[in-house]
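S.K.: Following this message is one structure expressed as structure tokens.
Number of protein chains: 6
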Amino acid sequence: MSVVVQNIPRADKAVVDAFSSYGVATVHEAQGRVGLLASYMRPIYRPAHISGSAVTCEVAPGDNWMIHVAVEQCQPGDILVVTPTSACEDGYFGDLLAASLIAHGVRGLIMNAGVRDAAVLTEMKFPVWSKAIYAQGTVKETIANVNTPIVCAGGLVHPGDVVVADDDGVVIVPREKAADVLAKSKAREEKEEKTRARLSAGELGLDIYGFRERLAAKGLKYVDYPYKG
Amino acid sequence: MSVVVQNIPRADKAVVDAFSSYGVATVHEAQGRVGLLASYMRPIYRPAHISGSAVTCEVAPGDNWMIHVAVEQCQPGDILVVTPTSACEDGYFGDLLAASLIAHGVRGLIMNAGVRDAAVLTEMKFPVWSKAIYAQGTVKETIANVNTPIVCAGGLVHPGDVVVADDDGVVIVPREKAADVLAKSKAREEKEEKTRARLSAGELGLDIYGFRERLAAKGLKYVDYPYKG
Amino acid sequence: MSVVVQNIPRADKAVVDAFSSYGVATVHEAQGRVGLLASYMRPIYRPAHISGSAVTCEVAPGDNWMIHVAVEQCQPGDILVVTPTSACEDGYFGDLLAASLIAHGVRGLIMNAGVRDAAVLTEMKFPVWSKAIYAQGTVKETIANVNTPIVCAGGLVHPGDVVVADDDGVVIVPREKAADVLAKSKAREEKEEKTRARLSAGELGLDIYGFRERLAAKGLKYVDYPYKG
Amino acid sequence: MSVVVQNIPRADKAVVDAFSSYGVATVHEAQGRVGLLASYMRPIYRPAHISGSAVTCEVAPGDNWMIHVAVEQCQPGDILVVTPTSACEDGYFGDLLAASLIAHGVRGLIMNAGVRDAAVLTEMKFPVWSKAIYAQGTVKETIANVNTPIVCAGGLVHPGDVVVADDDGVVIVPREKAADVLAKSKAREEKEEKTRARLSAGELGLDIYGFRERLAAKGLKYVDYPYKG
Amino acid sequence: MSVVVQNIPRADKAVVDAFSSYGVATVHEAQGRVGLLASYMRPIYRPAHISGSAVTCEVAPGDNWMIHVAVEQCQPGDILVVTPTSACEDGYFGDLLAASLIAHGVRGLIMNAGVRDAAVLTEMKFPVWSKAIYAQGTVKETIANVNTPIVCAGGLVHPGDVVVADDDGVVIVPREKAADVLAKSKAREEKEEKTRARLSAGELGLDIYGFRERLAAKGLKYVDYPYKG
Amino acid sequence: MSVVVQNIPRADKAVVDAFSSYGVATVHEAQGRVGLLASYMRPIYRPAHISGSAVTCEVAPGDNWMIHVAVEQCQPGDILVVTPTSACEDGYFGDLLAASLIAHGVRGLIMNAGVRDAAVLTEMKFPVWSKAIYAQGTVKETIANVNTPIVCAGGLVHPGDVVVADDDGVVIVPREKAADVLAKSKAREEKEEKTRARLSAGELGLDIYGFRERLAAKGLKYVDYPYKG
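Residue numbers (the numbering used here), protein chains in the order written: chain A, 45 to 273; chain B, 45 to 273; chain C, 45 to 273; chain D, 45 to 273; chain E, 45 to 273; chain F, 45 to 273.
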């Protein structure tokens with residue numbers, strides 16, 4: 045049986061929105077290096093940087109019917125996250141669906157498959173992260189689930205989780221941890237700002253992070269050229 | 045035996061040119077979801093959007109000799125479509141060949157292999173769709189066919205077929221069907237314009253397309269969160 | 045045992061710098077069609093074009109510790125070339141390490157793995173050629189070699205070799221051959237300039253290069269459409 | 045923080061064992077076409093067919109330390125399911141670890157990465173499904189979780205879930221649904237047995253399943269050769 | 045519109061059958077190095093070697109409905125050739141469909157997608173060449189064409205063409221050329237038999253084929269070790 | 045200029061031969077986890093296990109001419125190592141060349157491209173490690189080097205290096221280090237034999253290797269199910 049789960053919980057709006065100030069790499073580190081989607085999930089134009097609440101959607105291979113169902117479940121501030129039930133690069137999504145999502149306040153699309161109308165989506169400034177850009181059309185025959193937990197591009201996504209996406213890819217933050225991860229992202233960014241200043245001034249990471257002793261203990265040797273290995 | 049077929053037929057120029065107003069996704073749908081080349085055929089710069097008549101060219105792996113032969117068969121308004129006789133990513137084509145094609149009025153290149161001088165081609169505004177960007181040079185030793193039917197990136201291309209290419213990829217329209225597919229592309233675009241307006245106004249595809257009843261008949265259920273799947 | 049080789053030789057600075065006037069395809073041809081890295085090594089932004097002296101660095105999979113060690117070995121005009129000891133797409137390098145390299149006059153990064161903070165690196169105008177853009181973080185646990193010969197993306201790189209990188213990819217010129225290859229690059233460019241002018245004027249490569257006789261000898265036939273193959 | 049979760053629940057032993065009578069395709073269908081791992085997970089030798097209870101294990105890229113930790117959590121009848129925290133093909137597992145798992149009654153390994161000693165594992169008749177066979181060695185530096193839920197090759201696996209693996213790949217059955225899915229697998233097999241007999245006797249699926257009317261309603265036409273499409 | 049083309053022509057049975065004495069490499073050479081399907085088309089068990097007449101079948105992604113339609117068009121001595129209308133690795137075909145094909149005298153399957161029940165197909169000795177082995181199930185919702193020309197794995201296949209498949213892959217011989225290609229295959233094999241004997245006796249290809257002079261003319265030099273390149 | 049280097053040095057025959065007693069994984073570990081070729085280099089049949097002295101050979105893409113040249117440089121006990129100058133999967137090598145190599149005492153082939161006649165090579169028991177099995181034929185037009193250092197499948201190979209290949213892949217041992225690596229391989233095997241016995245008796249690696257304390261120091265915690273992560 046396929047279901048559409050309604051009235052899903054979302055994280056606090058201020059928290060969700062604040063994530064758009066932090067890059068995917070920062071958020072990923074802040075939550076302990078978990079939650080990244082696969083490296084093949086790429087933005088269709090750059091730069092792009094959004095955060096929002098996940099509405100999840102399964103689709104059959106070559107069949108985009110459930111995306112239409114999912115649109116109705118979206119609220120302003122959401123990001124639609126779509127995955128096929130088996131691997132597919134067809135163009136499930138184009139400018140008409142983008143117009144529909146924009147009308148409902150959706151901030152972007154995470155599509156573990158292909159999209160089309162890439163030039164128009166770029167002009168519309170509707171950000172999309174996808175596996176492929178491909179014009180191949182899809183049918184409307186097979187139902188699947190909306191707003192159930194899904195595995196998308198190697199990541200587990202629950203409806204209402206926070207999605208952060210930028211030029212580096214996509215990271216998922218579980219809803220319950222959102223506030224904590226946001227605070228840690230802020231702390232990390234502040235700490236990095238100081239390190240960045242020191243590195244820009246020419247100091248070495250070797251010294252800032254104190255690596256020299258541990259490297260020597262591991263057996264690293266410094267030799268002069270020519271070296272016979 | 046390898047041959048160069050001369051004096052190929054082409055579709056009506058007005059028809060060929062008019063296709064550049066329609067995106068690859070639209071044309072692909074208009075002709076019944078056929079004729080797309082593989083999703084790995086990507087433009088070397090974006091945006092890019094052209095239509096033209098196909099001149100087809102086979103090349104041996106790592107050997108671009110026949111491209112020089114094909115140039116002579118090109119006329120203004122043509123698009124050169126090249127495929128190796130076995131898979132190869134070498135850089136068969138660069139700025140010199142582009143200069144030559146431009147001099148003969150060719151609108152772009154579809155290359156099921158690699159190209160090089162990508163920065164110069166971009167500056168020249170000579171659009172190319174290819175499998176790879178790669179500097180690897182090629183030899184001139186082995187002959188093959190020009191203007192015979194070829195399979196290029198999964199698609200069958202006859203000389204004189206209409207090629208349409210944009211940011212979504214490449215679609216081939218058989219010469220004999222060009223006028224019909226053009227008319228259908230125009231009709232589709234007009235219909236989509238109306239749908240786009242309704243979707244932008246917030247109407248749901250579920251209602252515009254009347255999907256609700258059929259979804260229910262398939263067994264789709266709406267449930268409230270929390271749902272135990 | 046892992047080593048850091050210090051005081052490596054470099055090619056003459058004027059030679060190294062002069063390579064930035066020649067594209068990767070030209071240099072690759074000038075040195076006899078050798079020295080290219082694999083086609084998957086792509087610039088994170090375009091256009092980009094640099095030349096410099098290689099500092100080589102091995103890293104363990106998922107471990108960027110040695111990049112910090114390598115920074116200390118870099119001088120103004122260098123390009124850092126990094127390869128993992130087994131294939132990996134993790135994000136070994138981001139904006140902090142870029143700030144550090146910039147502070148030491150490094151011109152760019154060749155990374156046979158992933159990088160992150162792509163948007164910031166683009167804003168900083170720090171050019172990177174990599175296998176992937178991916179936010180995945182790395183650890184600092186395992187040592188490896190700096191400034192020993194490495195195989196990176198299918199190419200052999202010695203410390204002090206000249207690296208040339210542009211939108212077409214990356215080519216390595218052995219230090220001892222740098223002056224010779226530079227001269228040949230210049231000669232090739234001059235010769236191509238003349239050919240380019242003739243091609244742009246509409247002359248055919250078939251005639252400029254005198255291919256017709258050899259093609260006929262190989263058996264190439266010209267036939268009229270319709271041709272039954 | 046990394047944890048090792050002890051004393052995980054397992055499905056009823058009789059149920060777990062009974063699954064080895066049913067192929068992966070059958071079980072996958074019986075539970076509604078969900079739970080398959082990616083198609084790149086292949087057996088290192090064929091035929092192979094096992095069922096067991098999942099012990100889950102995360103590992104860092106290029107680091108097999110946690111497999112040693114996981115062995116202690118295994119019981120007779122278990123199958124060890126290992127995934128790296130980012131994509132890796134290194135040889136995490138060889139004949140020594142196989143000897144250890146066999147000593148603890150483990151039935152096989154599901155490894156979303158590489159394994160080595162393939163010839164010895166084949167002789168030992170220890171079945172493994174993996175992404176690669178590769179001799180590359182790994183370090184022991186970084187900790188991760190054992191017996192927490194993991195995403196492995198696109199599938200969500202909880203400790204104690206039932207794993208079924210054969211020449212077609214790997215399917216995961218949630219522990220709570222194991223008895224139900226087993227019953228449905230049995231029912232499906234019995235039904236298919238009857239269909240198989242009819243098909244082997246020459247009856248057509250078109251007739252057995254009653255497809256003809258629905259195909260005609262969709263618009264399928266029968267025409268005689270030659271047909272001009 | 046989708047069609048099923050009936051009463052297709054086939055090559056002479058004696059010719060079709062005789063091809064099973066010749067390997068794919070031999071037939072490919074005999075017909076001028078054309079007609080091979082892509083290298084990813086692999087037999088599910090080895091050795092396997094068949095020839096037969098092609099019945100062609102398109103399927104939608106994730107939808108195997110049309111295979112049931114195609115079975116009815118098969119005759120003893122046929123080989124079913126199936127391709128999805130966009131790339132897909134789902135398990136379109138298993139032991140039930142194999143039982144049906146066997147009942148109708150079909151000699152094997154060429155599937156540009158996935159198959160399942162690989163262990164049973166192997167026991168049944170029903171040879172299959174496919175892109176993947178994968179248990180993923182398919183639906184029955186979308187119609188497509190049977191016995192129209194298709195592009196399958198990079199090769200053009202007309203219904204009634206001769207298919208030859210062995211451990212090296214799959215080659216297609218156009219029906220009209222079958223007798224000629226068969227004769228050339230036989231001639232090639234006889235010629236190779238003599239060469240094989242000379243090579244096995246220790247003669248060098250350099251001498252048998254008379255390569256030395258042409259190699260020298262190209263500039264090949266023999267030098268003694270150590271050589272400074 | 046292309047050269048054939050004659051009279052290359054080889055390692056001591058007893059040493060070269062003794063390597064065939066040790067698996068690729070063992071040799072790779074014994075020489076410090078270096079020298080492996082890429083994981084895509086797979087044996088065309090299993091099991092297979094050889095050692096020998098490398099004769100290296102470059103070939104142009106789609107051109108196997110230089111293999112004929114290389115045969116003459118081979119001696120009994122050699123292994124031919126071939127790489128194309130740019131990536132290619134064509135079938136460079138078949139049963140005729142195998143017959144020739146066998147006649148000259150060559151033990152096997154390492155081919156960073158495709159091979160054909162796989163069924164016959166298997167019957168002949170001529171072991172091959174390759175990137176692909178593919179019938180695609182090649183030409184004889186372009187010269188390249190024999191017995192110069194090459195990068196093959198990510199590994200650096202000098203003529204006369206020791207090649208060890210088994211079901212896990214291929215490892216290269218520099219000639220000068222062969223005796224030392226052989227000794228270390230033997231030592232490693234003996235040590236592993238003892239560990240294997242203890243593991244087979246049920247002892248845990250955690251205890252044998254003394255990992256518990258270091259794992260705890262890294263922060264690994266043991267918790268009871270249910271655990272809220």
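Ideal Cβ positions, reconstructed from N, Cα and C, are used throughout, including at glycine.
The model shown is predicted, which means the values in this text are computed figures rather than measured ones.
In or out: D/P120 buried (at least 16 other Cβ within 10 Å) or exposed?
M.R.: As a first step, residue 120 of chain D is located in the fourth sequence; it is residue number 76 there, counting from the start. Exposed.
S.K.: Do you know offhand how far C/P171's Cα is from A/A162's?
M.R.: Counting from one through the third sequence, the residue named residue 171 of chain C turns up at place 127. Counting from one through the first sequence, the residue named residue 162 of chain A turns up at place 118. One C-alpha to the other measures close to 26 Å.
S.K.: State the DSSP-derived secondary structure class of F/A209, mapped to helix, strand or coil.
M.R.: The residue labelled residue 209 of chain F in the question sits at position 165 within the sixth sequence. Note: F/A209 maps to strand in three-state DSSP.
S.K.: For a contact meaning CB atoms closer than 8 Å, what does F/V195 contact in chain C?
M.R.: On the sixth sequence, residue 195 of chain F is found 151 positions in, with the first residue counted as 1. Under the 8 Å cutoff, chain C gives V195, G198, G199 and L200.
S.K.: Have a look at D/E73 and D/V208 and give me their C-alpha separation to the nearest angstrom.
M.R.: What you label residue 73 of chain D is simply residue 29 of the fourth sequence in a count that begins at 1. What you label residue 208 of chain D is simply residue 164 of the fourth sequence in a count that begins at 1. Distance between the alpha carbons of D/E73 and D/V208: 13 Å.
S.K.: Tell me which residues share the same chain as F/V206 and place their Cβ nearer than 7 Å to its Cβ, disregarding the 5 neighbours each side in the sequence.
M.R.: What you label residue 206 of chain F is simply residue 162 of the sixth sequence in a count that begins at 1. Contacts found: A55, V60, F63, S95, S97, V217, R219 and A222.
S.K.: Chain D partners of C/T186, CB-CB under 7 Å?
M.R.: In the third sequence, the residue the question calls residue 186 of chain C occupies position 142. Under the 7 Å cutoff, chain D gives V183 and E185.
S.K.: Report the CB separation of B/V103 from B/V126 in whole angstroms; it is logged as a contact under 8 Å.
M.R.: Stepping through the second sequence from its first residue, residue 103 of chain B is reached at position 59. Stepping through the second sequence from its first residue, residue 126 of chain B is reached at position 82. So it is a contact: roughly 6 Å between Cβ atoms.
S.K.: Output the distance between the C-alpha atoms of E/M45 and E/T186, rounded to the nearest integer angstrom.
M.R.: Here residue 45 of chain E is taken as the residue at index 1 of the fifth sequence, counted from 1. Here residue 186 of chain E is taken as the residue at index 142 of the fifth sequence, counted from 1. Cα to Cα, E/M45 sits roughly 12 Å from E/T186.
S.K.: Quick check on F/G138: buried or exposed, where buried means 16 or more other Cβ atoms within 10 Å of its Cβ?
M.R.: Position 94 of the sixth sequence, counted from the start, is the residue given in the question as residue 138 of chain F. F/G138 comes out buried.
S.K.: First and last residue of the alpha helix (DSSP H) that includes B/D224?
M.R.: Translated into positions along the second sequence, residue 224 of chain B becomes position 180. First-last of the alpha helix (DSSP H) with B/D224: A222 to S244.
S.K.: Could you tell me the boundaries of the alpha helix (DSSP H) in which F/D161 lies?
M.R.: On the sixth sequence, residue 161 of chain F is found 117 positions in, with the first residue counted as 1. Premise fails: F/D161 is in no alpha helix (DSSP H) and is neither H nor E.
S.K.: With 9 Å set as the bound, which would you pick, yes or no: does the beta-carbon of E/R151 sit closer than that to a beta-carbon of chain F?
M.R.: Taking the fifth sequence and counting its residues from 1, the one referred to as residue 151 of chain E is at position 107. Taking Cβ atoms only, chain F never reaches closer than 9 Å to E/R151, which makes this a no.
S.K.: Kindly indicate the opening and closing residues of the beta strand (DSSP E) around D/E102.
M.R.: Residue 102 of chain D sits at position 58 when you count from the first residue of the fourth sequence. Here the beta strand (DSSP E) through D/E102 covers I94 to V103.
S.K.: Please compile the residues from chain B whose C-beta is within a distance smaller than 8 Å of the C-beta of A/D161.
M.R.: Residue numbering aside, residue 161 of chain A sits at position 117 when the first sequence is read from its first letter. Those within 8 Å of A/D161 in chain B are G67, A69 and D212.
S.K.: To the nearest angstrom, how far is it from the Cα of E/A142 to the Cα of E/R90?
M.R.: The count along the fifth sequence starts at 1 and reaches residue 142 of chain E at position 98. The count along the fifth sequence starts at 1 and reaches residue 90 of chain E at position 46. Each residue's Cα considered, the two are about 17 Å apart.
S.K.: With DSSP run on the structure shown, which of helix, strand or coil describes B/A131?
M.R.: The sequence position of residue 131 of chain B within the second sequence is 87, counting from 1. Of the three classes helix, strand and coil, the one that applies to B/A131 here is coil, per DSSP.
S.K.: I'd like to know whether the C-beta of D/R240 is nearer than 9 Å to at least one C-beta of chain A.
M.R.: As a working mapping, residue 240 of chain D is identified with position 196 in the fourth sequence. False, the Cβ-Cβ gap to chain A never drops below 9 Å.
S.K.: With a threshold of 9 Å between beta-carbons, can A/T129 be considered close to chain D, or not?
M.R.: Here residue 129 of chain A refers to the residue found at position 85 when the first sequence is read from its first residue. It does; some Cβ of chain D falls within 9 Å.
S.K.: Return the bridge partner residues of B/D268 from the DSSP annotation.
M.R.: Your numbering for residue 268 of chain B matches position 224 in the second sequence. Partner(s): A/Q50.
S.K.: I'd like to check one pair, C/G246 with B/H112: are the Cβ atoms closer than 9 Å?
M.R.: Within the second sequence, residue 112 of chain B is the residue found at index 68, counting from 1. Within the third sequence, residue 246 of chain C is the residue found at index 202, counting from 1. Not in contact: B/H112 and C/G246 (Cβ atoms no closer than 9 Å).
S.K.: Check whether the Cβ atoms of E/G81 and E/C196 lie closer than 9 Å to each other.
M.R.: Start at 1 with the first residue of the fifth sequence, and residue 81 of chain E comes out as number 37. Start at 1 with the first residue of the fifth sequence, and residue 196 of chain E comes out as number 152. For the record, residue 81 of chain E in the displayed sequence is Leu; it is not Gly. Cβ distance < 9 Å, so E/L81 and E/C196 count as in contact.
S.K.: Can you give me the C-alpha to C-alpha distance between E/A260 and A/W173, rounded to a whole angstrom?
M.R.: Numbered from 1 along the fifth sequence, position 216 holds the residue referred to as residue 260 of chain E. Numbered from 1 along the first sequence, position 129 holds the residue referred to as residue 173 of chain A. Roughly 55 Å separates the two Cα atoms.
S.K.: With 9 Å as the threshold, decide whether the Cβ of B/S83 is near any Cβ in chain E.
M.R.: On the second sequence, residue 83 of chain B is found 39 positions in, with the first residue counted as 1. Interface residue, yes.
S.K.: Nearest to B/Y136 by CA position, among B/K262, B/L226, B/A241 and B/K175, is which residue?
M.R.: The residue given as residue 136 of chain B occupies position 92 in the second sequence. For the residues B/K262, B/L226, B/A241 and B/K175, the minimum Cα distance to B/Y136 belongs to B/K175.
S.K.: Can you confirm whether E/M45, when its beta carbon is compared against all beta carbons of chain D, has any partner nearer than 9 Å?
M.R.: As a first step, residue 45 of chain E must be located in the fifth sequence, where it is residue number 1. Chain D, which has a Cβ nearer than 9 Å to the Cβ of E/M45, makes this yes.
S.K.: State yes or no: is the beta carbon of A/G263 nearer than 9 Å to at least one beta carbon in chain E?
M.R.: Taking the first sequence and counting its residues from 1, the one referred to as residue 263 of chain A is at position 219. For A/G263, the answer is no, since every Cβ of chain E falls outside 9 Å of its Cβ.
S.K.: Could you tell me which chain B residues have their CB closer than 7 Å to the CB of F/G106, listed as they occur along the chain?
M.R.: The count along the sixth sequence starts at 1 and reaches residue 106 of chain F at position 62. Result: A104, P105, G106 and S130.
S.K.: Hey, F/G67 and D/V164: beta-carbon distance below 9 Å or not?
M.R.: Taking the sixth sequence and counting its residues from 1, one reaches residue 67 of chain F at position 23. Taking the fourth sequence and counting its residues from 1, one reaches residue 164 of chain D at position 120. For F/G67 and D/V164, yes; Cβs fall inside 9 Å.
S.K.: For D/G152, which beta-bridge partners are listed by DSSP?
M.R.: Along the fourth sequence, one-based indexing puts residue 152 of chain D at 108. DSSP output for D/G152 lists D/I123 as bridge partner(s).
S.K.: Along chain D, in chain order, which residues have C-beta atoms closer than 9 Å to that of C/D122?
M.R.: Position 78 of the third sequence, counted from the first residue, corresponds to residue 122 of chain C. Neighbours of C/D122 on chain D: none; closest Cβ ~27 Å, over 9 Å.
S.K.: Please state the DSSP three-state secondary structure of D/K184.
M.R.: Here residue 184 of chain D refers to the residue found at position 140 of the fourth sequence. If DSSP states are grouped into helix, strand and coil, D/K184 belongs with coil.
S.K.: Mind reading off the beta-carbon distance from C/P276 to D/P270? Whole number of angstroms is fine, and I expect it under 8 Å.
M.R.: Lying before the first or after the last residue shown, residue 276 of chain C is absent from chain C, which here runs from 45 to 273.
S.K.: Would a C-beta distance cut-off of 9 Å place B/N191 and B/T70 closer than the cut-off?
M.R.: In the second sequence, the residue the question calls residue 191 of chain B occupies position 147. In the second sequence, the residue the question calls residue 70 of chain B occupies position 26. Result no, Cβ atoms of B/N191 and B/T70 do not sit closer than 9 Å.
S.K.: Would you list the one or two residues that DSSP bridges to A/S174?
M.R.: Position 130 of the first sequence, counting from 1, holds the residue named residue 174 of chain A. Paired residues: A/R86 and A/M155.
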